[in-house]
Amino acid sequence: MALEVRTARHEELEAAFAIRREVFCGEQQLFADCDQDEHDHSAVHLVAVCDGVVVGTVRLYERDAGVWVGGRLAVRSDNRGAAGFELVRHAVREAALRGAQVFLAVVQVRNERFFHRLGWVTVVTTEGVAGVPHVLMKAPDVRLRERGARAS
Ligand SMILES: CC(C)(COP(=O)(O)OP(=O)(O)OC[C@H]1O[C@@H](n2cnc3c(N)ncnc32)[C@H](O)[C@@H]1OP(=O)(O)O)[C@@H](O)C(=O)NCCC(=O)NCCS
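Numbering (my numbering), first residue to last: 2 to 153.
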């Protein structure tokens, strides 16, 4: 299984949105029938591609100068088991390369440990979404990662 994470090509965006719909509207029922919002127009969309098929996605956008927000992380249920970590790592790296000083995400509490394993820290408990508890989390120092990324 060859897994690649990269910026979505135009023709891959529909597949990424379909996965989000499947996961956030179907599986988790956080939204009724569409999870897309105004941030999708300006966001950078990353996809995880396995043997030519889009299996996961995450988006990131600049909320304020230097402050980037990641979200809508989703991996197709049949393909879980590798893409999640890679999508988050790439999102942090992408934000750093685009000048992020801080990278944040509002994360479901059930996934808090997943992000802790990647070095993220919990900042504060936030309002839930559709009754599902969430926390605001912050990525490890994105500027250090940027220097690492440029050196490699
Ligand atoms: C969360 C999600 C993206 C993880 O995707 P994935 O491809 O299974 O992730 P990975 O396999 O890269 O996970 C890496 C490790 O974290 C573990 N892990 C996965 N989900 C976890 C969770 N919720 N809590 C703790 N650990 C978790 C995996 O078991 C794996 O551990 P291992 O390396 O010891 O085997 C996926 O489960 C998903 O799409 N969930 C539904 C949508 C969702 O909840 N999105 C996040 C919104 S905040």
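Beta carbons are placed, not taken as given, at the ideal position from N, Cα and C, and that holds for glycine.
Boundaries (first-last residue) of the beta strand (DSSP E) holding residue i
i, result
"Phe104", "Val103 to Gln109"
"Gly129", "Val122 to Val130"
Limits of the alpha helix (DSSP H) - the one that residue i falls within
i, result
"Val89", "Ala84 to Leu98"
"Arg114", "Glu113 to His117"
Residue i - DSSP class collapsed to helix/strand/coil
i, result
"Glu5", "strand"
"Leu137", "strand"
"Asp79", "helix"
Buried or exposed (CB count within 10 angstroms, at least 16 for buried), residue i
i, result
"Glu128", "exposed"
"Gly85", "buried"
"His91", "buried"
"His117", "exposed"
"Leu74", "buried"
"His46", "buried"
"Gly71", "buried"
"Val108", "buried"
"Ala131", "exposed"
"Leu98", "exposed"
"Arg144", "exposed"
"Val133", "exposed"
Backbone CA spacing between residue i and residue j [nearest angstrom]
i, j, result
"Gly89", "Lys139", "The question names Gly, but residue 89 in the sequence shown is Val. Computed Cα separation, rounded: 12 Å."
"Val56", "Arg10", "14 Å"
"Val110", "Trp121", "13 Å"
"Asp41", "Cys26", "16 Å"
"Glu113", "Glu12", "32 Å"
"Ser153", "Thr58", "Unreliable placement is indicated for Ser153, whose pLDDT of 47 sits below 50; the coordinate value is still reported in the next sentence. Cα to Cα, the separation comes out at about 24 Å."
"Ala101", "Asp79", "33 Å"
"Arg7", "Glu87", "10 Å"
"Gly67", "Val103", "6 Å"
Closer than 7 Å: residue i CB and nearest ligand 3 heavy atom
i, result
"Ala44", "No copy of ligand 3 occurs in the structure displayed; its ligands are ligand 1 alone."
(request) At 4 residues or longer, and completely inside the segment 7-63: list those alpha helix (DSSP H) runs for me, N to C. (result) 14-21 and 40-43
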